[in-house]
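Protein chains in written order, with full-length UniProt numbering: chain A, 1 to 327; chain B, 1 to 327.
Comments concern the structure below.
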């Protein structure tokens, strides 16, 4: 049996995006699946799918807003049974449509929770203690000429509001306890086990906090939930950290608030129209901007790679998914 | 009685440096002391002291390597009884000489411990998760053109070695527990209450850790305690964070190790010959450099200001110092 025949007997997995984890996954777990890679073909996507993906039963897809799984794509995939997204967020999936078609969904589960929470704390300290701004100051050689650098604000004992106390929000809260912060949160439903103050709306949370950390998923309900009123309630020294999704904040209003001094600063790993990042932000000293890397560690990528393969393998063996996405 | 007579009846406090806290202190607590300010005079320092500071009983001095309290200065201050340093470190004071002269010493005590510990965590996350490097990447507009940014390393579950488990080191350890890190430490003497692994020498600590956080004081014993051997033992992915004093690390060797890839990165708030910072560091992407601001928050400056005044007032009322420095 030649290599091509072997490949044809392996389960057919279409890869869209591709997710950044894919090269790791492919090299870590060779010869388990036959991957279909439309980005290597000259054909338009739809044409590729019609020509090569008719028997693909599983789809491995990148998260994070660069690719959308539309009905038009799904219509080209008659054998599809499983969608595996290499992300925690599922805003690029049309969930009702996937449910209607009876497709199973697996996602990144909690693989990234610790990394994302670590990054949230890193961004927060960076903004209020001016770490990146200080680094710029030093690298421009201003330390010996310009003298004293502006003071930051103290993190310990600050009142921090967490928007969305899921897995990531809880990891953020756990870390902030070690800093002696006072933690509150907003979520749709009060978490009976959480030892933090609950607010049933984001405005009230902002009015009672000095920092907001956005940890919720992007849904219709959370789209632009951080609007101008919320930011003004947070106040002139207030800081926003966003490691969720860009569109949870009204980005245009946030930029205006940052420029006008209605809020004090922001640490942003995500943006409303990625990969585009508004250039107005580049000139502000009170923001820290990272290129959507809150999940970006070597260790988690290896772990995600393993998790994606486990989901595919359990599915092809008719077992339960390891990390099924549940609404 | 005119204002000058009033001033002459107030306790005479010489100010050297001056410490960055001084303007806050002066405006927060007016008319309690008569401050002598040599930096406003055209006279050379010694001449100023001989002319105006003969009855100064207390000295308020800046810390951090920009001013040294020498015997020559002390010889010009026959009435001096108290030295108040606005710093945690006392490496700019000649302690044996001050003891010999029977002078009392007050220092910043624990005012800064939380802020310095917060900064240590901020620098650590920044280095291993490439926050400032990511911010540079974004501000250069590379996000939409250059695509994926390099992966960082995971903080959670890392083995962290704390050099010096005093007040600051303990605050650092407390914070790191929330991140699920494995904490070890080096100090001269094992702390019976500390729930962390103890190493009796720094080399062994480095060999068993992935991160070193320098929290000890600069003394003859700790000068260059982080030498090339220690850094090589820490290893190629190893990270050093220094919020202690620059000369605790052999800076020249550290720069060589960073350039040659013998260690993975460094987060540095202090440098060996401040305010000079070696320019070789400015071109490295694996370092984060801040201008000695680990103590620099508005809240702590106000608290320090209060503490300095309390030390002066208790001393002038013949009561015990609030934050006496004890070897």
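By construction, the Cβ of each residue, glycine as well, lies at the ideal position given by its N, Cα and C atoms.
Residues near residue i by beta carbon distance below 6 Å, same chain, minus five either side
i                      : result
residue 310 of chain A : 322
residue 251 of chain B : 272
residue 112 of chain B : 88, 295, 300
residue 286 of chain A : 265
residue 19 of chain B  : 62, 86
residue 143 of chain B : none
residue 185 of chain B : 162, 165, 196
residue 148 of chain B : none
residue 93 of chain B  : 69
Spatial neighbours of residue i in its chain, beta-carbon cut-off 7 Å, leaving aside the 5 residues before and after
i                      : result
residue 115 of chain B : 294, 295, 297, 300
residue 52 of chain B  : 36
residue 269 of chain A : 119, 123, 242, 243, 290, 292, 293, 294
residue 54 of chain B  : 78, 79
residue 1 of chain B   : For residue 1 of chain B, the pLDDT reaches just 45, beneath the cut-off of 50, and the residue's location in the model is therefore unreliable, leaving the point undetermined.
residue 262 of chain B : 231, 232, 236
residue 314 of chain B : 320, 321, 322
Spatially closest choice to residue i from the options, by CA coordinates
i                      : options                    : result
residue 205 of chain A : A:60, A:106, A:233         : A:233
residue 235 of chain B : B:207, B:224, B:222        : B:207
residue 68 of chain A  : A:91, A:55, A:327          : A:91
residue 327 of chain A : A:319, A:218, A:81, A:58   : A:218
residue 14 of chain B  : B:48, B:278, B:29          : B:48
residue 135 of chain B : A:202, A:279, A:324, A:101 : A:279
residue 202 of chain B : B:171, B:176, B:167, B:240 : B:240
residue 238 of chain B : B:267, B:221, B:99         : B:267
residue 29 of chain A  : A:161, A:307, A:211        : A:307
residue 25 of chain A  : A:324, A:305, A:288, A:318 : A:305
residue 318 of chain A : A:31, A:169, A:81          : A:81
residue 325 of chain B : B:43, B:99, B:168, B:245   : B:99
residue 33 of chain A  : A:43, A:302, A:27, A:12    : A:12
residue 316 of chain A : A:216, A:215, A:59, A:130  : A:59
residue 95 of chain A  : A:249, A:220, A:312        : A:220
residue 330 of chain B : B:103, B:167, B:139, B:101 : Chain B is shown from 1 up to 327; residue 330 of chain B falls before or after that span and cannot be answered.
residue 249 of chain A : A:215, A:169, A:130        : A:215
residue 276 of chain B : A:260, A:139, A:276, A:225 : A:139
Contact under 7 Å by Cβ, residue i with residue j
i                      : j                      : result
residue 173 of chain A : residue 183 of chain A : yes
residue 61 of chain A  : residue 10 of chain A  : no
residue 83 of chain B  : residue 105 of chain B : yes
residue 194 of chain A : residue 155 of chain A : no
residue 213 of chain B : residue 133 of chain B : no
residue 152 of chain A : residue 128 of chain A : yes
residue 76 of chain B  : residue 46 of chain B  : yes
residue 247 of chain B : residue 223 of chain B : yes
residue 117 of chain A : residue 177 of chain A : no
residue 157 of chain A : residue 141 of chain A : no
Residue i: contacting residues in chain A (beta-carbon distance under 7 Å)
i                      : result
residue 151 of chain B : 296, 297, 298, 301
residue 22 of chain B  : Correct list: empty, because the minimum Cβ distance to chain A is about 12 Å.
residue 291 of chain B : 134, 137, 138, 143, 149
Listed by chain order, chain A residues near residue i by CB distance under 9 Å
i                      : result
residue 245 of chain B : In chain order: nothing, as chain A lies at least about 16 Å away.
Own chain partners of residue i with C-beta closer than 8 Å, once the 5 adjacent residues on each side are dropped
i                      : result
residue 253 of chain B : 227, 228, 231
residue 97 of chain B  : 71, 74
residue 209 of chain B : 159, 160, 161, 184, 234, 238
residue 281 of chain A : 255, 258, 268, 287, 289
residue 199 of chain B : 161, 184, 185, 186, 205, 208
residue 137 of chain A : 143, 146, 149
Contacts of residue i in chain B (Cβ-Cβ under 9 Å)
i                      : result
residue 85 of chain A  : The premise fails here: residue 85 of chain A is roughly 18 Å from chain B at the closest Cβ pair, so nothing lies under 9 Å.
residue 282 of chain A : 138, 139, 140, 141
residue 144 of chain A : 274, 275, 276, 277
residue 114 of chain A : 154, 155, 156, 157, 179, 180
Proximal residues of chain B, C-beta to C-beta of residue i below 7 Å
i                      : result
residue 288 of chain A : 131, 135
residue 44 of chain A  : What residue 44 of chain A touches in chain B: nothing, since even the nearest Cβ is about 22 Å away.
residue 174 of chain A : 178
Chain-ordered chain A contacts of residue i [CB-CB under 8 Å]
i                      : result
residue 123 of chain B : 131
Residues that residue i contacts on chain B, provided the C-beta gap is smaller than 8 Å
i                      : result
residue 118 of chain A : 125, 129, 154, 155, 156, 179
Residue-chain proximity (residue i, chain C), Cβ-Cβ < 7 Å
i                      : result
residue 319 of chain B : As a matter of chain content, chain C is missing from the structure shown, whose protein chains are A and B.
Subject >> Whole runs of the beta strand (DSSP E) within the stretch 162-213 of chain A, excluding any shorter than 3 residues >> reply: 182-186, 197-199
**OP:** Go through the stretch 36-75 of chain B residue by residue and report every complete run of the alpha helix (DSSP H) that reaches 4 residues or more, in order.
**Re:** 45-52, 71-75
Subject >> Length at least 4, wholly inside the stretch 86-121 of chain B: the alpha helix (DSSP H) runs in chain order >> reply: 95-100
Original post:
Can you give, in chain order, each stretch of the beta strand (DSSP E) that sits fully within the stretch 218-247 of chain A and has at least 3 residues?
Top reply: 239-242
**OP:** Would you mind listing the beta strand (DSSP E) stretches within the stretch 264-308 of chain A that are 3+ residues and don't spill past its ends, in chain order?
**Re:** 265-268, 287-289
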